[in-house]
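Mapped onto full-length UniProt numbering, the consecutive letters of the sequence shown carry residue numbers 1 to 326.
A virtual CB, placed ideally from N, CA and C, is assigned to each residue, including glycine.
All values reported here derive from a predicted model rather than from experimental measurement.
The structure appears right after this line, and notes come after that.
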Amino acid sequence: VIPYAKMGYWDAAYAVKTTDVLALFRITPQPGVDPVEAAAAVAGESSTATWTVVWTDLLTACDRYRAKAYRVDPVPNTTDQYFAFIAYECDLFEEGSLANLTASIIGNVFGFKAVSALRLEDMRIPHSYLKTFQGPATGVIVERERLNKYGTPLLGATVKPKLGLSGKNYGRVVYEGLKGGLDFLKDDENINSQPFMRWRERFLNCMEGINRAASATGEVKGSYLNITAGTMESVYERAEYAKSVGSIIVMIDLVMGYTAIQSSAIWARNNDMLLHLHRAGNSTYARQKNHGINFRVICKWMRMSGVDHIHAGTVVGKLEGDPLMI
Numbered sequence: 001v002i003p004y005a006k007m008g009y010w011d012a013a014y015a016v017k018t019t020d021v022l023a024l025f026r027i028t029p030q031p032g033v034d035p036v037e038a039a040a041a042v043a044g045e046s047s048t049a050t051w052t053v054v055w056t057d058l059l060t061a062c063d064r065y066r067a068k069a070y071r072v073d074p075v076p077n078t079t080d081q082y083f084a085f086i087a088y089e090c091d092l093f094e095e096g097s098l099a100n101l102t103a104s105i106i107g108n109v110f111g112f113k114a115v116s117a118l119r120l121e122d123m124r125i126p127h128s129y130l131k132t133f134q135g136p137a138t139g140v141i142v143e144r145e146r147l148n149k150y151g152t153p154l155l156g157a158t159v160k161p162k163l164g165l166s167g168k169n170y171g172r173v174v175y176e177g178l179k180g181g182l183d184f185l186k187d188d189e190n191i192n193s194q195p196f197m198r199w200r201e202r203f204l205n206c207m208e209g210i211n212r213a214a215s216a217t218g219e220v221k222g223s224y225l226n227i228t229a230g231t232m233e234s235v236y237e238r239a240e241y242a243k244s245v246g247s248i249i250v251m252i253d254l255v256m257g258y259t260a261i262q263s264s265a266i267w268a269r270n271n272d273m274l275l276h277l278h279r280a281g282n283s284t285y286a287r288q289k290n291h292g293i294n295f296r297v298i299c300k301w302m303r304m305s306g307v308d309h310i311h312a313g314t315v316v317g318k319l320e321g322d323p324l325m326i
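So, in structure tokens, the structure goes:
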């Protein structure tokens, strides 16, 4: 096995180009593994390398397509962790595809033997690649226009209990919350279409509660209808129904996957609907500080995919939350 650093995946003199995709990894090398070699290994395995040199390398422009680890810094206040800076040629990634971007950046390297832990801390996406994604169709200005609410924070809540309510009682909670002063309510991540309340029943009762509260208060109200489902066909069916009954916003879960999220975002843009993303499953990536993916990166990917806003968590309550990150 030839050391990755000697195969061209380490270049301390590399001049970063404006078109490079940059990734910042926190690496914890295995005992006895040089940090530079570990960084080069991550660069290699997330781009063109395998465990040895093969003759087919000569059939490609390997010097161009190799990712380059170009800087390794110790992580302050640790003894075995390092920040590794890696640059990727933009042509390594399919345009407008989060699935392809992530297949390279996080596809194999997290199980690599050279490191005992690995965390993707941040990315810089060049404009030349970023503009191949649709991005979010609206912003907070458009949402305020649709709610006709300016100068005050938008106040929302999640329906509880999140499982077990009948459709009628679910709609009652929506009505009471909106009538009591909330601007919007939202479904929780795991309320989809269970035997105690099917999705059509939920959508109809939610919209009844929304319309009654709007009439009672004279204000525009709303609720995020979760259209997450087992297939994209079902997602589209629920999205179309939500639109037909008068909703202006739908929501999906992170656990749907990158391709499903991008597809939902395209539908939302084409149908003039707002799209909210619940970060369900995020902590499996982000909670461990030495392994996984920083939520900052997930947010960037989701904005690239086209969601309008993201469930960011909170610094109080039952779930862990970093005030700086939020």
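With a 10 Å radius around its C-beta and 16 neighbouring C-beta atoms as the bar for buried, classify residue i as buried or exposed.
i: Phe83; result: buried
i: Val297; result: buried
i: Ala265; result: buried
i: Gly180; result: exposed
i: His309; result: buried
i: Glu189; result: buried
i: Asn226; result: buried
i: Thr78; result: exposed
Throw me the rounded Cβ distance for the residue i and residue j pair, which I believe falls under 8 Å.
i: Gly70; j: Tyr14; result: This sequence places Tyr at residue 70; Gly is not what is there. Confirmed, Cβ separation roughly 4 Å.
i: Ser305; j: Tyr236; result: The Cβ separation is near 16 Å, so there is no contact.
i: Ile86; j: Ala5; result: The pair is not a contact, with the Cβ atoms about 13 Å apart (cut-off 8 Å).
i: Pro136; j: Val307; result: 6 Å
i: Ala31; j: Val72; result: In the sequence on display, residue 31 carries Pro and not Ala. So it is not a contact: roughly 17 Å between Cβ atoms.
i: Leu182; j: Ala214; result: About 12 Å; that fails the 8 Å criterion.
i: Cys90; j: Val159; result: Not really, about 43 Å apart at Cβ, beyond 8 Å.
Grab me the residues of residue i's own chain with a C-beta within less than 7 Å of its C-beta, minus the 5 sequence neighbours each way, in chain order.
i: Asn290; result: Arg26, Thr28, Gln81, Ala117, Arg119
i: Ser263; result: Met232
Name the two residues that bound the continuous alpha helix (DSSP H) containing residue i.
i: His127; result: 127-130
i: Phe85; result: Premise fails: Phe85 lies in the beta strand (DSSP E), 82-88, not in any alpha helix (DSSP H).
i: Asp73; result: First-last for Asp73: 68-74, but that is the beta strand (DSSP E), not the alpha helix (DSSP H).
i: Tyr175; result: 167-179
i: Asn270; result: 258-270
i: Thr284; result: 283-286
i: Met304; result: 295-305
i: Val36; result: 35-45
Can you list, in chain order, the residues of its chain whose CB lies under 6 Å from that of residue i, leaving out five sequence neighbours each side?
i: Ile261; result: Ser305
i: Gly167; result: Met197, Glu201, Arg202, Asn205
i: Glu121; result: Leu24, Arg26, Asn294
Output the boundary residues of the beta strand (DSSP E) element that contains residue i.
i: Thr28; result: 21-29
i: residue 374; result: The requested residue 374 does not occur in the structure, where the chain is confined to residues 1 to 326.
For residue i, write down the residues that DSSP places opposite it in a beta bridge.
i: Ser223; result: Leu185
i: Ile141; result: None; Ile141 has no bridge partner.
i: Asp122; result: Leu24
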